[in-house]
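Enquirer: Chains as they are written, first to last, in numbering that gives the first Met the number 0: chain A, 0 to 370; chain B, 0 to 370; chain C, 0 to 370; chain D, 0 to 370. Glycine included, each C-beta is placed from N, C-alpha and C at the ideal position.
Protein chains: 4
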Amino acid sequence: MTARKTRDAAGRARRPGGASRPPAAGDDARIPVTILGATGAVGQRFVALLDRHPWFRVEALCASDRSAGRPYAEAARWYLDKPMPDWARGMTVRDCRPGGASRVAFSGLDAEVAGGIEEEFARQGMAVVSNARNHRLEDDVPLLVPEVNHEHLSLVAAQKRRFPGGGFIVTNPNCSTVGLVMALAPLHAKFEVTEVVTATLQAVSGAGYPGVASLDILGNVIPYIGGEEEKMEAESRKILGRPGAPAAFGVSAHCHRVPVADGHTVAISLRTRVRATPEQAIETLRAWRTPLTDFGLPSLPERPIEVRDEKDRPQPRHDALAGGGMSVSVGRVRRCPILGLKMVALVHNTIRGAAGVALLNAELLKAKGLL
Amino acid sequence: MTARKTRDAAGRARRPGGASRPPAAGDDARIPVTILGATGAVGQRFVALLDRHPWFRVEALCASDRSAGRPYAEAARWYLDKPMPDWARGMTVRDCRPGGASRVAFSGLDAEVAGGIEEEFARQGMAVVSNARNHRLEDDVPLLVPEVNHEHLSLVAAQKRRFPGGGFIVTNPNCSTVGLVMALAPLHAKFEVTEVVTATLQAVSGAGYPGVASLDILGNVIPYIGGEEEKMEAESRKILGRPGAPAAFGVSAHCHRVPVADGHTVAISLRTRVRATPEQAIETLRAWRTPLTDFGLPSLPERPIEVRDEKDRPQPRHDALAGGGMSVSVGRVRRCPILGLKMVALVHNTIRGAAGVALLNAELLKAKGLL
Amino acid sequence: MTARKTRDAAGRARRPGGASRPPAAGDDARIPVTILGATGAVGQRFVALLDRHPWFRVEALCASDRSAGRPYAEAARWYLDKPMPDWARGMTVRDCRPGGASRVAFSGLDAEVAGGIEEEFARQGMAVVSNARNHRLEDDVPLLVPEVNHEHLSLVAAQKRRFPGGGFIVTNPNCSTVGLVMALAPLHAKFEVTEVVTATLQAVSGAGYPGVASLDILGNVIPYIGGEEEKMEAESRKILGRPGAPAAFGVSAHCHRVPVADGHTVAISLRTRVRATPEQAIETLRAWRTPLTDFGLPSLPERPIEVRDEKDRPQPRHDALAGGGMSVSVGRVRRCPILGLKMVALVHNTIRGAAGVALLNAELLKAKGLL
Amino acid sequence: MTARKTRDAAGRARRPGGASRPPAAGDDARIPVTILGATGAVGQRFVALLDRHPWFRVEALCASDRSAGRPYAEAARWYLDKPMPDWARGMTVRDCRPGGASRVAFSGLDAEVAGGIEEEFARQGMAVVSNARNHRLEDDVPLLVPEVNHEHLSLVAAQKRRFPGGGFIVTNPNCSTVGLVMALAPLHAKFEVTEVVTATLQAVSGAGYPGVASLDILGNVIPYIGGEEEKMEAESRKILGRPGAPAAFGVSAHCHRVPVADGHTVAISLRTRVRATPEQAIETLRAWRTPLTDFGLPSLPERPIEVRDEKDRPQPRHDALAGGGMSVSVGRVRRCPILGLKMVALVHNTIRGAAGVALLNAELLKAKGLL
């Protein structure tokens with residue numbers, strides 16, 4: 000359109016003048032960053048979300064040896080709706096070895112290789128902001144949903160032992176866990192959650208690319224996602240606990256893959272120590288404010304939790320992109336005859352549930368002077 | 000194919016000689032039956048399942064005034080995969096008034112009109128076998144899943160007060176409830192179920208035809224189905240209780256519509272009074288036998304409950320048609336950290352969950368000499 | 000997100016200050032407009048596209064008697080991904096009778112009622128910008144794809160006979176026709192198209208809401224869309240001809256409905272009088288410029304035709320929103336062994352193929368001083 | 000169900016006594032056969048269609064080295080709806096080397112490896128019945144749709160030069176080509192087809208397993224299938240020509256992948272030398288009889304071409320399994336303003352379009368005494 004502003008993958012509008020361009024060193028005071036696993040599903044989201052980011056500029060795109068040496072436009076089978084940024088197209092993909100000026104490495108690596116590579120980058124003094132599961136449950140590694148538990152960042156101090164050069168690793172949880180803990184956090188803070196039974200209906204993009212075969216999922220449901228139920232149970236306790244002291248509540252998860260492209264639906268029944276009515280729960284969710292609002296983080300949504308009143312919302316199609324994909328929508332808060340409360344949450348699994356929450360983690364690091 | 004046998008909608012093979020033909024009065028000792036709401040989604044299933052049924056022949060197809068007087072082939076927008084039986088094509092649709100020789104009325108009527116019409120047929124002395132929700136929870140009306148609670152049939156005796164002419168109404172539960180109670184029944188019998196939290200992923204055919212708009216469900220999930228959660232909670236207690244004394248367990252349901260054509264997936268967490276390991280639960284489900292096997296009911300599947308061992312089954316695509324659509328498949332039986340046990344069940348919602356279970360009810364009536 | 004700009008349904012960014020607000024008469028020099036059929040699928044797109052439009056403000060939302068008198072938020076079952084604009088939520092829906100200050104009526108009415116209502120509005124002196132099919136083929140009614148045949152606007156002069164008060168009707172074609180004619184127009188201008196065989200794969204949103212039943216289209220193809228093939232054949236000749244003299248080429252269309260939400264794919268084989276190689280065709284499509292660029296029309300995309308080089312594009316998921324949904328993407332231009340050339344085009348059916356092209360028509364009227 | 004007959008993947012009913020069992024050498028006079036590529040999508044269909052086949056029994060299941068040595072139940076990721084036959088579950092997968100007693104090798108191999116392996120089996124004296132594309136267009140290899148061009152079998156005589164031991168290779172066409180040529184054959188025989196423009200809407204099972212990634216096709220259309228358009232053009236000419244003399248008509252194909260599991264829709268416009276009205280075409284299609292009916296081939300459908308009268312048929316959901324998946328359904332026969340006639344055909348791509356047509360080829364070989 001004539002004289003129209005463009006938008007990035009998160010639905011954020013950018014300055015019309017800010018044409019998509021290669022991050023030139025000369026005129027750019029932004030922090031150089033590296034993307035590990037840049038050709039994968041999460042890596043592509045990193046590229047899209049970092050397009051014209053006000054604080055960070057992409058200096059290196061790293062991937063497996065198979066991709067290294069090729070232009071990104073060739074090496075990545077781009078699956079996002081919005082086009083690949085022009086500056087990325089021509090960048091030569093590197094292999095996953097530290098080097099260059101980057102101070103942050105965003106990791107969208109597969110768990111098979113993420114562990115060692117991330118440690119190597121941390122050893123070289125870099126801040127590794129990882130979406131991989133490998134280090135999430137280690138004692139000295141923060142597992143962050145920044146609005147919820149940013150104070151867990153203090154754990155990185157203990158990583159000095161492993162990484163004396165000042166590097167460290169911070170992680171974000173599994174995509175379905177992000178939806179669960181964001182919906183639980185305000186209620187846990189006020190009423191203390193003691194038991195959770197949850198069932199998920201997860202989008203195929205959560206399995207990466209190529210991921211789920213179309214023959215397996217067209218018109219079908221797969222009632223199993225390897226390791227997912229265990230992750231939801233362990234990770235949510237760590238996030239909603241204090242550093243070093245996981246929360247004590249129990250979690251039981253039933254995970255399903257459904258024929259939806261983006262957006263995990265999470266049905267939640269919960270018991271709280273302090274009894275709460277649905278009305279009190281709704282009020283608590285609505286009144287909840289993250290302590291992060293003063294940091295001016297560019298990717299922080301106005302309302303990290305969006306409470307919906309309609310009887311049939313949230314839905315992936317309508318609500319996955321709420322807050323540019325960074326808000327978790329919660330609806331149908333009502334009485335559960337067994338556990339006391341029930342509700343349904345929706346999280347955009349590759350934005351808020353993966354690359355977007357990792358980017359928010361990096362913004363938090365910068366705001367707290369850790370970069 | 001040459002010299003091949005055909006099969007009906009339930010995947011049952013019929014004699015090759017038994018060509019699809021109009022039920023002629025002369026050469027046919029089968030019981031004449033009427034289908035109410037014959038043009039709707041459940042009505043069409045009745046037509047398909049009754050095609051060449053050994054005990055019943057369709058004498059009348061009844062529907063709303065809009066359809067009455069037209070040939071069935073014109074009045075019904077046929078949505079099933081297998082073709083409309085030839086004998087049905089030319090039958091003239093009647094309005095929903097008693098008459099004719101039928102001794103059974105299968106009701107696939109909408110709840111808006113089912114109540115009064117069904118009573119009228121019962122008042123005229125007919126056995127009304129209904130899939131509608133209207134009378135399900137009435138004290139003198141059996142709510143049957145025959146393999147599970149056929150002894151509830153005794154309730155019909157009390158209907159003499161309402162229908163002195165010998166007519167009566169029997170009902171079957173809501174489609175998702177059928178899946179839930181069949182998976183619970185063996186465990187309830189042995190270990191006594193005390194609490195259930197369930198989440199469903201329900202197929203669009205459960206909403207009838209035209210039902211859910213494609214724009215609402217393509218690539219989407221709708222976390223709400225009007226009245227469904229309440230039905231699952233009330234109906235499963237009635238079925239698993241004794242006649243007149245509902246079971247005491249609590250049920251909490253989360254119902255979702257998903258882009259699947261046929262087959263409801265039901266994720267279940269449950270607590271039992273007598274503690275059971277997953278292994279004991281699996282053994283109990285596998286060892287369970289319905290007391291009905293001696294009745295020779297034509298629609299009774301060999302294994303009403305099919306236990307699956309694969310980690311990612313049951314799935315709608317692979318398992319909805321188990322036992323010709325009459326078996327409920329159960330898998331992933333495992334420990335629930337909150338309630339003790341969890342598992343996933345799959346039920347073909349328009350066969351076992353609607354027209355098929357109603358047909359089984361009618362066969363039971365015949366076998367027990369109630370027709 | 001903090002300090003983020005919002006975007007409208009067409010993906011266009013709006014000024015951050017320009018919060019969604021009711022169109023107040025006092026501070027607003029924009030032209031007041033009415034939307035007819037405002038609660039339907041196309042009507043909702045009008046509401047979304049007119050949200051903070053620089054030239055027009057919505058004064059009235061009209062719909063059937065069933066909706067009249069109710070707030071729009073209640074009367075419309077909103078199906079678009081982006082939320083209903085706040086100013087629209089509280090507007091009281093009116094019935095479809097002229098009145099008020101509006102100078103333009105956008106019509107998203109069903110063809111069953113559109114004919115008479117549109118004439119009544121024209122008779123009252125209003126410019127009726129219609130997406131309905133009723134008047135499209137009338138001799139004195141322009142059938143416009145503005146970039147292609149804006150000079151057909153001259154036809155409205157002849158409407159003085161019918162509507163002496165200065166009102167008139169302009170129309171846009173059927174959604175699939177828009178895709179076809181935009182892809183053909185540059186080639187017709189240079190090489191003269193003489194024969195076209197086309198097959199469409201059309202999205203469900205083209206059938207309105209509720210439109211296609213999910214049971215009919217999930218995992219299925221319907222090889223028939225009522226009246227569509229005839230429309231494509233007649234309308235494309237009118238558009239690519241001169242006012243009053245339809246083009247002489249023949250068109251044969253095969254129309255299919257597919258399980259896609261938005262975006263019609265149009266496969267095209269064509270013969271031209273002047274023989275053209277695929278390379279010449281590509282160059283011609285790429286070099287084509289609309290004469291409208293100087294009018295500053297707010298909804299005119301930068302590149303009305305987007306030529307793609309990838310072997311497997313355009314695709315609905317990736318390309319429907321090109322140019323904010325206003326660009327037609329064309330790819331796979333290659334030799335056709337029968338007709339000479341073949342290619343595939345993609346059009347967003349409810350934006351460029353319906354409400355968006357109608358809005359562009361209205362902008363053209365304003366730019367040419369006809370409002 | 001009690002006392003019910005079972006059915007195989009093609010919907011054919013089998014004797015109730017004929018329980019699924021391993022093909023024992025002793026009591027079994029059937030011809031032993033080998034399946035090459037037995038773990039793949041087409042290989043699985045071979046296994047399903049050969050279950051209790053009256054003429055053939057599976058002696059060996061061969062696949063890549065990765066699978067060799069493992070039980071079939073482990074090596075194959077079974078994707079079909081009906082369960083894997085019991086006799087196949089425990090068979091040890093072999094590598095693809097000739098040996099054993101088999102006289103026929105059914106090949107569902109990938110084209111990357113099929114060429115050499117098939118030749119090796121033919122060299123060892125076996126009849127290779129292949130679904131792979133490698134040898135289809137070779138002069139001495141029959142490319143068969145048996146009902147249409149069984150006389151092309153005479154070509155195998157010339158293979159004596161390559162395979163002096165009496166082995167030979169016969170092939171069937173690409174899945175979409177089968178649908179096209181079966182719909183064209185009766186018209187070509189009577190009116191002589193001279194030009195064809197066709198557009199396909201192809202199911203994902205045609206791409207094998209895992210095949211198309213769900214992220215690529217959910218709610219989407221891919222307007223490109225590698226090599227498919229060329230195959231349709233070349234193969235249909237060979238099939239509808241005389242042995243050694245391809246038919247002279249031109250074919251232009253537009254191929255699309257759509258989110259459908261099974262069933263290719265093929266829209267066809269055609270010109271004939273002898274002009275035919277739609278009514279004449281319908282009559283010709285309906286009157287057409289294959290010369291094969293006297294051979295008693297077990298997989299020959301009663302009506303290889305099923306003509307439909309409804310305005311919106313055939314559809315994958317309703318018609319793919321016509322004739323047990325072996326009939327091609329044709330509908331919407333009407334005038335094409337450009338080429339004279341148009342229509343739409345539907346073919347089950349993995350049954351009639353792949354394993355089923357290959358099986359029919361093998362049955363033909365047996366009936367003609369060539370095994």
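For C/ALA24, does the three-state DSSP call read helix, strand or coil?
Expert: Here residue 24 of chain C is taken as the residue at index 25 of the third sequence, counted from 1. Caution is warranted here: a pLDDT of 47 is assigned to C/ALA24, below 50, making its placement in the model unreliable, and the coordinate value is therefore given only provisionally. Looking at C/ALA24 - three-state DSSP - the assignment turns out to be coil, as it is neither helix nor strand.
Enquirer: Counting only beta-carbon atoms, is C/ASP80 nearer than 8 Å to chain A?
Expert: Along the third sequence, one-based indexing puts residue 80 of chain C at 81. By this cut-off, C/ASP80 is an interface position.
Enquirer: Bridge partners for A/ARG270 per DSSP, in chain order?
Expert: Locating residue 270 of chain A in the first sequence gives position 271, where the first residue counts as 1. Note: A/ARG270 sits in a beta bridge opposite A/GLU194.
Enquirer: Could one say the Cβ of A/GLY210 lies closer than 8 Å to chain D's Cβ atoms, at least one of them?
Expert: Mapped onto the first sequence, residue 210 of chain A falls at position 211. Chain D, which has a Cβ nearer than 8 Å to the Cβ of A/GLY210, makes this yes.
Enquirer: Does C/LEU142 come out as helix, strand or coil in the three-state DSSP assignment?
Expert: Residue mapping note: residue 142 of chain C aligns to position 143 of the third sequence, counting from 1. Three-state result, C/LEU142: strand.
Enquirer: Is it true that the stretch 261-274 of chain D meets the stretch 181-194 of chain D, where meeting means three or more beta-carbon pairs spaced less than 8 Å apart?
Expert: Because the criterion of three Cβ pairs below 8 Å is met, the stretch 261-274 of chain D and the stretch 181-194 of chain D touch.
Enquirer: Taking 8 Å as the cut-off, decide whether the C-beta atoms of A/ASN130 and A/VAL41 are in contact.
Expert: Counting from one through the first sequence, the residue named residue 130 of chain A turns up at place 131. Counting from one through the first sequence, the residue named residue 41 of chain A turns up at place 42. Taking 8 Å as the Cβ cut-off, A/ASN130 and A/VAL41 qualify as a contacting pair.
Enquirer: What whole-angstrom Cβ distance do B/ALA59 and B/ARG93 have, given they're in contact under 8 Å?
Expert: The residue you call residue 59 of chain B lines up with position 60 of the second sequence. The residue you call residue 93 of chain B lines up with position 94 of the second sequence. Contact holds; Cβ gap of about 6 Å.
Enquirer: Identify the contact partners of B/GLU118 in chain A, using a Cβ-Cβ distance below 8 Å as the criterion.
Expert: Stepping through the second sequence from its first residue, residue 118 of chain B is reached at position 119. The contacting residues do not exist; B/GLU118 stays about 31 Å from chain A at best.
Enquirer: Which residues mark the beginning and the end of the beta strand (DSSP E) in which B/MET342 is found?
Expert: Mapped onto the second sequence, residue 342 of chain B falls at position 343. 339-346 is the span of the beta strand (DSSP E), which, as asked, contains B/MET342.
Enquirer: Taking a contact to mean a Cβ-Cβ separation below 8 Å, would you say C/PRO258 touches D/PRO258 in this structure?
Expert: In the third sequence, residue 258 of chain C corresponds to position 259, counting from 1. In the fourth sequence, residue 258 of chain D corresponds to position 259, counting from 1. Taking 8 Å as the Cβ cut-off, C/PRO258 and D/PRO258 qualify as a contacting pair.
Enquirer: From the beta carbon of B/VAL327, is the nearest beta carbon of chain A less than 8 Å away?
Expert: As a first step, residue 327 of chain B must be located in the second sequence, where it is residue number 328. No, B/VAL327 lies away from the interface with chain A (no Cβ there is under 8 Å from its Cβ).
Enquirer: Hey, quick one: how far does the alpha helix (DSSP H) through B/LEU108 stretch, first residue to last?
Expert: Reading the second sequence from its first residue, position 109 is the one you call residue 108 of chain B. That residue, B/LEU108, is in no alpha helix (DSSP H); it is neither H nor E in DSSP.
Enquirer: If the criterion is Cβ atoms closer than 8 Å, does the pair C/ALA233 and C/LEU136 meet it?
Expert: Taking the first residue of the third sequence as position 1, residue 233 of chain C is located at position 234. Taking the first residue of the third sequence as position 1, residue 136 of chain C is located at position 137. Yes, the pair counts as a contact, with Cβ atoms nearer than the cut-off.
Enquirer: Which residues in the same chain have their Cβ closer than 6 Å to the Cβ of C/ALA156, if we skip the five residues on either side of it in sequence?
Expert: Position 157 of the third sequence, counting from 1, holds the residue named residue 156 of chain C. No residues qualify anywhere along the chain.
Enquirer: For B/PRO300, does the count of other Cβ atoms within 10 angstroms reach 16, so buried, or fall short, so exposed?
Expert: Here residue 300 of chain B is taken as the residue at index 301 of the second sequence, counted from 1. With 16 or more other Cβ atoms within 10 Å, it is buried.
Enquirer: From this set, B/GLU362, B/VAL346 and B/VAL250, which residue's C-alpha is nearest A/GLY339's C-alpha?
Expert: Within the first sequence, residue 339 of chain A is the residue found at index 340, counting from 1. For A/GLY339, the nearest C-alpha among the options comes from B/VAL250.
Enquirer: Note down the Cα distance separating B/TRP77 from B/PRO84, rounded to an integer number of angstroms.
Expert: Here residue 77 of chain B refers to the residue found at position 78 of the second sequence. Here residue 84 of chain B refers to the residue found at position 85 of the second sequence. Their backbone Cα atoms lie some 11 Å apart in a straight line.
Enquirer: Any idea what DSSP makes of C/THR289, helix, strand or coil?
Expert: In the third sequence, the residue the question calls residue 289 of chain C occupies position 290. Note: C/THR289 maps to coil in three-state DSSP.
Enquirer: Whose Cβ in chain A lies nearer than 9 Å to the Cβ of C/GLY218?
Expert: Here the question's residue 218 of chain C lines up with position 219 in the third sequence. Ordered by position in chain A, the residues that pass the 9 Å Cβ test against C/GLY218 are LEU217 and GLY218.
Enquirer: With 8 Å as the threshold, decide whether the Cβ of C/ALA260 is near any Cβ in chain B.
Expert: Your numbering for residue 260 of chain C matches position 261 in the third sequence. With 8 Å as the cut-off, C/ALA260 counts as an interface residue toward chain B.
Enquirer: Since B/VAL103 and B/ILE30 should fall inside the 8 Å C-beta cutoff, what is the C-beta to C-beta distance between them, to a whole number of angstroms?
Expert: For the purposes of this step, residue 103 of chain B is taken as residue 104 along the second sequence, with counting starting at 1. For the purposes of this step, residue 30 of chain B is taken as residue 31 along the second sequence, with counting starting at 1. Indeed, because the Cβ distance is near 6 Å, the residues count as touching under 8 Å.
Enquirer: Reducing DSSP to helix, strand and coil, say where A/SER326 ends up.
Expert: Position 327 of the first sequence, counting from 1, holds the residue named residue 326 of chain A. Residue state, collapsed to three classes: coil.
Enquirer: At least one CB of chain G closer than 8 Å to the CB of B/VAL41: is that the case?
Expert: Going by chain labels, chain G is absent from the structure shown, which instead holds the protein chains A, B, C and D.
Enquirer: What residue from A/THR292, A/THR349, A/GLU362 and A/ASP215 has the CA that sits closest to A/THR176's CA?
Expert: Here the question's residue 176 of chain A lines up with position 177 in the first sequence. Among A/THR292, A/THR349, A/GLU362 and A/ASP215, the Cα nearest to that of A/THR176 belongs to A/THR349.
Enquirer: Can you tell me where the beta strand (DSSP E) with D/VAL127 in it begins and where it stops?
Expert: As a working note, residue 127 of chain D is residue 128 in the fourth sequence. Here the beta strand (DSSP E) through D/VAL127 covers 126-129.
Enquirer: Skipping 5 residues on each side, what residues in its chain have a beta carbon closer than 6 Å to that of D/ASP27?
Expert: The residue labelled residue 27 of chain D in the question sits at position 28 within the fourth sequence. ARG56, listed in sequence order.
Enquirer: Please identify, using Cβ separations under 9 Å, the residues of the stretch 292-317 of chain A that lie next to chain C, in order along the chain.
Expert: Answer in chain order: THR292, GLY295, LEU296, PRO297, SER298, LEU299, PRO300, GLU301, ARG316 and HIS317.
Enquirer: Could you give the first and the last residue of the continuous beta strand (DSSP E) run that contains D/VAL92?
Expert: For the purposes of this step, residue 92 of chain D is identified with residue 93 of the fourth sequence, where counting begins at 1. Note, D/VAL92: premise wrong, no beta strand (DSSP E); not H, not E.
Enquirer: Fully enclosed by the stretch 233-283 of chain C, which beta strand (DSSP E) runs are 3 residues long or longer?
Expert: The stretch 233-283 of chain C contains these whole beta strand (DSSP E) runs: 249-256 and 263-271.
Enquirer: Can you check which of these residues, D/ARG160, D/GLY39, D/PRO336 and D/LEU152, is closest to D/GLY124 by C-alpha distance?
Expert: For the purposes of this step, residue 124 of chain D is taken as the residue at position 125 of the fourth sequence. Considering only alpha carbons, the answer is D/ARG160.
Enquirer: What residues match up with D/ARG334 in a beta bridge as DSSP calls it?
Expert: In the fourth sequence, counting from the first residue as 1, residue 334 of chain D sits at position 335. Partner(s): D/LEU340.
Enquirer: Of all the options D/HIS317, D/ASP293 and D/GLU117, which has the alpha carbon lying nearest to the alpha carbon of D/PHE162?
Expert: Along the fourth sequence, read from residue 1 onward, the residue named residue 162 of chain D stands at position 163. Ranking the options by Cα distance to D/PHE162, first place goes to D/GLU117.
Enquirer: Check distances from the C-beta atoms of the stretch 261-286 of chain D to those of chain C and list, in chain order, the residues that come in under 7 Å.
Expert: Flagged, chain order: THR264, ALA266 and SER268.
Enquirer: If we cut at 8 Å on Cβ distances, does C/TYR175 have a partner in chain B?
Expert: Looking up residue 175 of chain C in the third sequence gives position 176. What sits at residue 175 of chain C in the sequence shown is Ser, not Tyr. Answer no: the Cβ-Cβ gap between C/SER175 and chain B never drops below 8 Å.
Enquirer: What are the boundary residues of the alpha helix (DSSP H) that includes B/ALA156?
Expert: Walking along the second sequence from the start, residue 156 of chain B turns up at place 157. Segment: none, B/ALA156 is in no alpha helix (DSSP H) and carries neither H nor E.
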